[in-house]
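So the protein sequences, as listed, match chains S and A. Numbers in the numbering used here are just positions in the first sequence, counted from 1, shifted up by 8. Numbers in the numbering used here are just positions in the second sequence, counted from 1, shifted up by 51. Using N, Cα and C, we set each Cβ at its ideal position, and we do this for glycine too. Report on the following structure.
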Amino acid sequence: MSGGSTAPEQDVVLSSRARIARNLDGIPFVNRANEEQCEYVMRTARHLLLHVPLDERMIWVDLEQSSSHERQLLVERHLISRHHAESTVRRGVAVGESEHASVMINEEDHIRMQVLRPGLQLEDACRTCRSIDEAVGTHVEYAYRERWGYLSACPTNVGTGIRLSAMLHLPALRLTNDIGRVRQTAKDLHLAVRGYFGEGSDSTGNFYQVSNQITLGRSEDEILDEFENTIIPGLVRYEQAARQVLLDKHRRELEDQVFRAFGALGTARMLKLDESMKLLSRLRLGVCLDMLKEAADTITLDTINSLLLLVQPGHLRQHVGCTISPEEARGVRADLVRELLIGD
Amino acid sequence: MKCDICDKPAVVHEVTIANGVKKEVHLCLDHARDAGVAMPGQQPINKLLSKFSVAGKPTVVAPRCEQCGTSFAQIRQNSLIGCPACYDTFEEPLGRFIERAQAGATHHVGRGLPQEEGKSRQQREERQLMRALEAALSREQYERAAEIRDQINQLSDRPSEESQEPSSEGDEA
């Protein structure tokens, strides 16, 4: 694989995320809370997150007062959910300076803290997330019952309130038509399989977010151990085996797809978002399989991972510094991709 | 008595008095039906049932959470629980609902509250029950309060974990 920074299992695992859902006792959950109660939760959480000692300084964003463009940037960076961006209740988010951690206030639950890490680093993400949870939890009364554990608005989060997820790149399993089997296996194992932007998003580019659905009856350590040491490594091995099959039996076809993607990305003057995601996905596969070494040894996984973010509409707008039409965005996207890939 | 029209036995007997004149009609089943007399056993079932329902209007009102006003039907419909107190109000049906969503799991086995770390399970249970008792009393649910009080008493009668185990750290393992 070509150079750049390395993260565990980065060929297949783009990122890991740990998320913990908590609610304040005595206050209705967000779906039943009135404006005053939402305001109270927000003020309390904001004060704590900006003042209790945490691993890093947090920056507060009042989502009601932020622009739709700012919210879109946060969604594209996976720091808030689409639901949180589009909601109409009093809400905000605290974002860690390194942009690895964020705490959503008044999303579906009062407090949802999450930590992102590149590659497969769930244990590290969990540890950091738990430290935020403990720092906040020693100052507020969380809604908790001996039988249920941590109470949540949705029955699927009660108990530990912990959700682990990994963003996987599974192009070979798609090409070998095994992705249906992956979905079925995931279902049998009580895992959710979603698209690049989580709930409600599609799997353009063969990016799949896999997460645990069971939060009750198992301890945090059991959930983490199974997810990090069995489930995700199992899926990684499955994808790697599919890549090997393609290399052994269909190398020419695979190279053709990778180099066509390279050619299109390196020459296109207009690119749609979907199209760029699909092409970058093929290119990413080619980089992982060392196919592009001779043609373009400067292309790294870091470059492609960055491009997957920079081609998103909010980031393109940020790049040019003003609002642009969808047609203009296609042009800007193509120029940006060429510049970063081949220095054009 | 025979039917006024044929020789079959009369099953419908109608006596009317209009303007001081008494009029008696006796009819068999067939002729009563022809005459459009409503037969008690032949009313459509929906009419009979509607009479019953009018007579006994439903008196059972779906219970709602006293803290947030959410009914269990709303929870089931939206898959969203209203507030922490809903977990106490709808403990049984919600338990079944959660069990389905959580692949059969019924109890939490993970970490406890940060401020409760180090306390024994018995202490935590007692604290939970005390809070439930306060909630029941504030809602004037005296039967529920009595049940909780009994549970607290049972807990107090139980030998403490400290006397059975060298330490309570195993609770969180």
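Check methionine 112/S in the structure and name its three-state DSSP category.
Position 104 of the first sequence holds residue 112/S. Methionine 112/S falls in the strand class under three-state DSSP.
Close-in-space but distant-in-sequence residues of the same chain around arginine 202/S (CB under 6 Å, 5 per side omitted):
For the purposes of this step, residue 202/S is taken as the residue at position 194 of the first sequence. So the qualifying residues of the chain are Gln217.
What are the residues that DSSP puts in a beta bridge with methionine 121/S?
Position 113 of the first sequence holds residue 121/S. Paired residue(s): Ile28/S and Val111/S.
Would you kindly work out how many angstroms separate the C-alpha atoms of arginine 277/S and glycine 271/S, rounded to a whole number?
Looking up residue 277/S in the first sequence gives position 269. Looking up residue 271/S in the first sequence gives position 263. Taking the straight line from one Cα to the other gives about 12 Å.
Could you compute how far the alpha carbon of aspartate 81/A sits from the alpha carbon of threonine 140/A?
Within the second sequence, numbered from 1, the residue matching residue 81/A stands at position 30. Within the second sequence, numbered from 1, the residue matching residue 140/A stands at position 89. CA-to-CA, the gap between aspartate 81/A and threonine 140/A works out to about 59 Å.
Straight-line CA distance for aspartate 298/S to phenylalanine 215/S?
Residue 298/S sits at position 290 when you count from the first residue of the first sequence. Residue 215/S sits at position 207 when you count from the first residue of the first sequence. For aspartate 298/S and phenylalanine 215/S, the gap between their C-alpha atoms comes out near 20 Å.
Please report whether the beta-carbon of valine 105/A lies at a distance below 8 Å from any beta-carbon of chain S.
Within the second sequence, numbered from 1, the residue matching residue 105/A stands at position 54. Residue placement at valine 105/A is flagged as unreliable, the pLDDT there being 47, under the threshold of 50; the coordinate-derived value follows with that caveat. With 8 Å as the cut-off, valine 105/A does not count as an interface residue toward chain S.
From this set, Glu263/S, Leu232/S, Gly213/S and Ser139/S, which residue's C-alpha is nearest valine 111/S's C-alpha?
Translated into positions along the first sequence, residue 111/S becomes position 103. When only C-alpha atoms are compared, the closest one is Ser139/S.
Any idea which residues DSSP pairs lysine 280/S with across the strands?
In the first sequence, the residue the question calls residue 280/S occupies position 272. Its beta-bridge partners do not exist; DSSP assigns none.
Counting along the chain, where does the alpha helix (DSSP H) carrying valine 244/S start and finish?
Walking along the first sequence from the start, residue 244/S turns up at place 236. Residues 240-275.
Can you tell me the Cα-Cα spacing of arginine 245/S and methionine 50/S, whole angstroms?
Here residue 245/S refers to the residue found at position 237 of the first sequence. Here residue 50/S refers to the residue found at position 42 of the first sequence. Spanning the alpha carbons of arginine 245/S and methionine 50/S requires a straight line of approximately 43 Å.
Chain A residues whose Cβ lies nearer than 8 Å to that of asparagine 31/S
Residue mapping note: residue 31/S aligns to position 23 of the first sequence, counting from 1. Around asparagine 31/S, the beta-carbon contacts reaching into chain A at under 8 Å are Pro135.
On the criterion of 16 or more Cβ atoms from any shown chain inside 10 Å, does alanine 154/A qualify as buried, or is it exposed?
To locate residue 154/A, count along the second sequence from 1; it is residue 103. Classification for alanine 154/A: exposed.
Alpha carbon to alpha carbon, what distance is there between aspartate 233/S and leucine 288/S?
For the purposes of this step, residue 288/S is taken as the residue at position 280 of the first sequence. For the purposes of this step, residue 233/S is taken as the residue at position 225 of the first sequence. Each residue's alpha carbon lies about 32 Å from the other.
DSSP-derived helix/strand/coil call for methionine 66/S
Working through the first sequence from its first residue, we reach residue 66/S at position 58. Here DSSP, grouped into helix, strand and coil, assigns methionine 66/S to strand.
Aspartate 21/S bridges to which residues according to DSSP?
For this step, residue 21/S is matched to residue 13 along the first sequence. The identity of residue 21/S in the sequence shown is valine, whereas the question assumes aspartate. Beta-bridge pairing links valine 21/S to Leu176/S.
Excluding the 5 residues preceding and the 5 following tyrosine 138/A in the sequence, name in chain order all residues of the same chain whose CB lies nearer than 8 Å to its CB.
Reading the second sequence from its first residue, position 87 is the one you call residue 138/A. Excluding sequence neighbours, tyrosine 138/A sits near Ile132 and Leu145.
For histidine 198/S, decide whether its Cβ has a neighbour in chain A, counting only Cβ atoms nearer than 8 Å.
Here the question's residue 198/S lines up with position 190 in the first sequence. For histidine 198/S, the answer is yes, since a Cβ of chain A falls inside 8 Å of its Cβ.
How is leucine 199/S classed by DSSP in three states: helix, strand or coil?
The sequence position of residue 199/S within the first sequence is 191, counting from 1. In the three-state reduction of the DSSP assignment, leucine 199/S falls in the strand class, which pools E and B.
Within 8 Å of any Cβ in chain S, is that where the Cβ of proline 165/A sits?
Within the second sequence, the letter at position 114 stands for residue 165/A. Closer than 8 Å: yes.
For serine 46/S, which residues of its own chain have a beta-carbon under 8 Å away from its beta-carbon, when the five flanking residues on both sides are left out?
As a position in the first sequence, residue 46/S is number 38, starting the count at 1. Correcting the residue type first, residue 46/S is cysteine in the shown sequence and not serine. Cβ neighbours of cysteine 46/S beyond the five flanking positions: Val38, Val97, Arg98, Arg99 and Asn114.
Under a CB-based cut-off of 8 Å, is alanine 152/A close to chain S?
On the second sequence, position 101 is the one that residue 152/A refers to. Closer than 8 Å to some Cβ of chain S, the Cβ of alanine 152/A qualifies, so yes.
With 7 Å as the limit, tell me which residues of the stretch 151-166 of chain S have their beta carbon closer than that to any beta carbon of chain B; keep them in chain order.
As a matter of chain content, chain B is missing from the structure shown, whose protein chains are S and A.
Helix, strand or coil at lysine 301/S according to DSSP, with G and I counted as helix:
Counting from 1 along the first sequence, the entry for residue 301/S is found at position 293. Secondary structure of lysine 301/S (DSSP, three-state): coil.
Is the beta carbon of leucine 128/S sitting closer than 8 Å to the one on glutamate 236/S?
As a working mapping, residue 128/S is identified with position 120 in the first sequence. As a working mapping, residue 236/S is identified with position 228 in the first sequence. Note that the C-beta distance between leucine 128/S and glutamate 236/S is below 8 Å.
Taking CB distances under 8 Å as the criterion, tell me whether alanine 156/A reaches chain S.
If you number the second sequence from 1, residue 156/A lands on position 105. Yes, because at least one Cβ of chain S sits closer than 8 Å to the Cβ of alanine 156/A.
Taking one C-beta from the stretch 148-155 of chain S and one from the stretch 27-37 of chain S each time, how about it: are there three or more such pairs within less than 8 Å?
Yes: at least three Cβ pairs fall under 8 Å.
Paired residues, beta bridge with valine 101/S - DSSP:
Position 93 of the first sequence, counting from 1, holds the residue named residue 101/S. In the DSSP output, where bridge partners are listed per residue, valine 101/S has Val69/S and Met112/S.
Arginine 25/S and phenylalanine 205/S - do their beta-carbons sit closer together than 8 Å?
As a working mapping, residue 205/S is identified with position 197 in the first sequence. As a working mapping, residue 25/S is identified with position 17 in the first sequence. Note that the C-beta distance between phenylalanine 205/S and arginine 25/S is not below 8 Å.
Contact with chain A by proline 36/S, beta-carbon distance below 8 Å:
Here the question's residue 36/S lines up with position 28 in the first sequence. Closer than 8 Å: yes.
Along chain A, which residues have their Cβ under 8 Å away from the Cβ of alanine 39/S?
In the first sequence, residue 39/S corresponds to position 31, counting from 1. Strictly speaking, residue 39/S in this sequence is asparagine, with alanine absent from that position. Under a criterion of Cβ atoms nearer than 8 Å, the residues of chain A adjacent to asparagine 39/S are, in order, Asn129, Leu131 and Gly133.
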